[in-house]
Structure formats: C-alpha cells, structure tokens
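Engineer:
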Amino acid sequence: MRQPLVAGNWKMNGSAASIDTLMAGLKQGMAEVKTAAVAVCPPFVYISKVAELAKGTKIGVGSQDISDQESGAFTGEVSGPMLKEVGCQYAIVGHSERRAIYGESDAFTARKFAAARKFGLIPILCVGELLEEREQGITEQVVGRQLDAVIELEGIAALGQAVIAYEPVWAIGTGKTASPQQAQDVHAFIRAKLATLDKGVADKVQILYGGSVKGSNAVELFGMPDLDGGLIGGASLTADEFLAICRAPNQS
Ligand code: PEP
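Residue 209 in my numbering sits at position 195 of the sequence shown, with consecutive numbering throughout.
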C-alpha cells in the first residue's frame with residue numbers, strides 16, 4: 015500500500031511575512047489530514063525558516079532544485095549537503111520550468127537526481143509532455159525518455175527510493191487539469207514501464223500528478239488507482255486550498 019504524498023511547490027513566491035501566515039494556517043489544519051504525507055518546497059532562502067516552523071509537525075520540507083555538484087566554484091548553486099543541513103527531506107528535480115526556461119536536459123536532470131540521492135534527499139523527479147507532444151501522440155515516448163535518462167545513470171532500484179511527479183506541461187499553471195483518466199493513463203504507463211525492469215520498484219514508487227490541482231478536483235484525481243497524491247503549484251500558496259487537497263486522500 016503506497017502512502018499518498020501531497021507536496022507544495024511554492025515556486026518563486028512568498029515573503030517572510032506571508033510564509034508565517036501560510037505555515038500557521040497549515041499547522042492549524044494538519045490534524046484533519048489523515049492519510050497523506052505532506053511537504054512544502056519553499057524558495058531556497060526560506061528553507062531554514064520553514065524547516066524551523068515545521069518542527070514538531072508532520073509537514074516535510076523540500077527544495078525546488080538542487081545542484082548536480084557537491085561544493086566549489088559553482089556560483090549561484092545550492093548543494094545537496096547544504097539542503098540537508100537546513101532541513102530538507104526532498105528535492106524536486108526536472109521541473110518543467112527548469113527544463114523549458116533554463117534549458118536543463120534529461121541528462122542534467124538525471125545528475126541532479128543522483129546528487130539528491132547521494133546526499134540523503136528523496137528526489138521528486140518531474141516528467142511530462144508539452145501540448146504539441148501530446149497532440150503528436152508522443153506523450154509516452156517523451157515521458158519514457160525522461161525516465162530512461164535517470165534509469166541509465168542511477169539504475170532502476172534508485173527509483174524505488176524516489177518520487178515521480180507526472181506533470182503535463184500544458185496543465186501547469188494554466189487551469190487546464192488533465193482529466194482523471196488522462197492522468198491515470200500516463201501513470202499506468204509509467205508503472206508498467208518500470209515493472210518491465212523491476213516489479214517491486216513499480217509497485218512501491220509514489221507517482222504524483224501535478225497540473226492545476228485544486229481542492230475541487232483533487233478527490234477525483236487522487237481516486238485513480240495509479241495516482242499517489244500530487245505536486246501542487248498555485249494552490250499550495252493558500253493554506254485552506256492546500257489543506258483541502260491534502261485532505262483529499264482521506265476520501266479516496
Ligand atoms: C507545478 O508547478 O508543479 C504545478 C503543478 O503548478 P500548478 O499546480 O500551479 O499547475
């Protein structure tokens with residue numbers, strides 16, 4: 015039985031004051047979150063603060079990115095040991111905004127995945143197709159290629175200690191959620207692909223869905239058999255909305 019995970023990706027949003035408010039709201043509502051594990055991924059500069067605020071709660075903390083390097087002359091980068099030291103348990107890698115805006119390749123993403131694991135963080139590996147790729151009917155090819163880069167570098171067993179987030183790029187921040195069946199089809203493809211290499215890993219790995227998840231659609235989405243929770247962008251910035259999503263697995 016896989017425990018659902020709901021992780022909030024705050025992206026480049028927030029301030030010290032707004033984070034105090036958001037975390038206070040989340041802490042207040044966590045008692046009603048019965049089934050899902052919960053994590054939030056603040057901007058780097060607020061991770062320490064959030065980790066401090068999350069102490070003694072069931073709220074986990076993650077980063078939105080990670081360097082593929084350990085230390086040294088890599089201006090602007092933040093390494094796995096640093097993230098671990100300030101209280102992260104998770105590191106998102108390969109978010110579509112990193113891939114599209116900053117040109118991060120499948121191979122580079124795989125190296126970040128490897129760095130997260132090496133330094134004791136659970137990678138949340140984002141995969142997903144662009145709208146034109148879906149329209150061309152190559153969704154599975156794209157998602158398969160993104161997974162293969164990680165499997166080639168780290169081996170299939172590594173995915174058993176990671177989280178995968180399927181995030182169709184056309185659904186991110188657009189209000190256009192994939193239908194539960196569209197999401198399920200890709201999640202089932204991912205699990206079946208992994209099962210050809212290692213059934214134990216396929217059965218165990220949490221596959222989150224991300225793309226315009228809200229309190230109003232989370233129950234239906236998370237009710238699909240291969241959806242194990244969500245990676246939540248915009249809706250994770252408001253305590254009530256995020257908590258409604260975190261409670262959704264109570265009912266699925
Ligand atoms: C995301 O950025 O990972 C995401 C899923 O964003 P949103 O929920 O806003 O679509």
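Idealized CB from N, CA, C, for every residue including glycine.
1. Quick one: does the C-beta of residue 230 sit closer than 7 Å to a heavy atom of ligand 1?
2. I'd like to check one pair, residue 227 with residue 173: are the Cβ atoms closer than 8 Å?
3. According to DSSP, is residue 62 helix, strand or coil?
4. Terminal residues of the continuous beta strand (DSSP E) containing residue 136?
5. Considering only the beta carbon of each residue, do residue 146 and residue 182 sit closer than 8 Å?
6. What whole-angstrom Cβ distance do residue 101 and residue 77 have, given they're in contact under 8 Å?
7. Could you pull out every residue in the same chain whose Cβ sits closer than 7 Å to the Cβ of residue 72, ignoring the five residues on either side in sequence?
8. For residue 138, which residues from the same chain have a beta carbon less than 6 Å from its beta carbon, with the 5 sequence-adjacent residues on both sides left out?
9. Between residue 19 and ligand 3, is the CB less than 7 Å from at least one heavy atom?
10. Would DSSP call residue 19 helix, strand or coil?
11. With DSSP as the reference, label residue 76 as helix, strand or coil.
12. With residue 229 as the anchor, note down where its beta strand (DSSP E) starts and where it stops.
13. For ligand 1, I want to know if residue 186 counts as a neighbour, meaning its beta carbon is within less than 7 Å of at least one of the ligand's heavy atoms.
14. State buried or exposed for residue 37, treating a residue as buried only when at least 16 other CB atoms are found within 10 Å of its CB.
Structural biologist: Concretely, from the data shown:
1. Looking up residue 230 in the sequence shown gives position 216. Incorrect: residue 230 has no Cβ contact closer than 7 Å to ligand 1.
2. Stepping through the sequence shown from its first residue, residue 173 is reached at position 159. Stepping through the sequence shown from its first residue, residue 227 is reached at position 213. Contact: no.
3. Against the sequence shown, residue 62 aligns to sequence position 48. Correct three-state label for residue 62: helix.
4. On the sequence shown, residue 136 is found 122 positions in, with the first residue counted as 1. 136–141 is the extent of the beta strand (DSSP E) around residue 136.
5. If you number the sequence shown from 1, residue 146 lands on position 132. If you number the sequence shown from 1, residue 182 lands on position 168. No.
6. Residue numbering aside, residue 101 sits at position 87 when the sequence shown is read from its first letter. Residue numbering aside, residue 77 sits at position 63 when the sequence shown is read from its first letter. Not a contact, Cβ separation roughly 10 Å.
7. If you number the sequence shown from 1, residue 72 lands on position 58. Only 44, 52 meet the Cβ criterion.
8. Taking the sequence shown and counting its residues from 1, the one referred to as residue 138 is at position 124. The residues are 104, 106, 177, 179.
9. For ligand 3, the structure offers nothing, since it holds only ligand 1.
10. Here residue 19 refers to the residue found at position 5 of the sequence shown. Reduced to three states, the DSSP call for residue 19 is strand.
11. Taking the sequence shown and counting its residues from 1, one reaches residue 76 at position 62. The answer is strand: DSSP assigns residue 76 an E or B state.
12. For this step, residue 229 is matched to residue 215 along the sequence shown. Per DSSP, residue 229 belongs to no beta strand (DSSP E); it is in the alpha helix (DSSP H), 229–236.
13. Along the sequence shown, one-based indexing puts residue 186 at 172. Residue 186: yes, Cβ under 7 Å from ligand 1.
14. In the sequence shown, the residue the question calls residue 37 occupies position 23. The residue in question, residue 37, is buried, as its Cβ has 16 or more Cβ neighbours within 10 Å.
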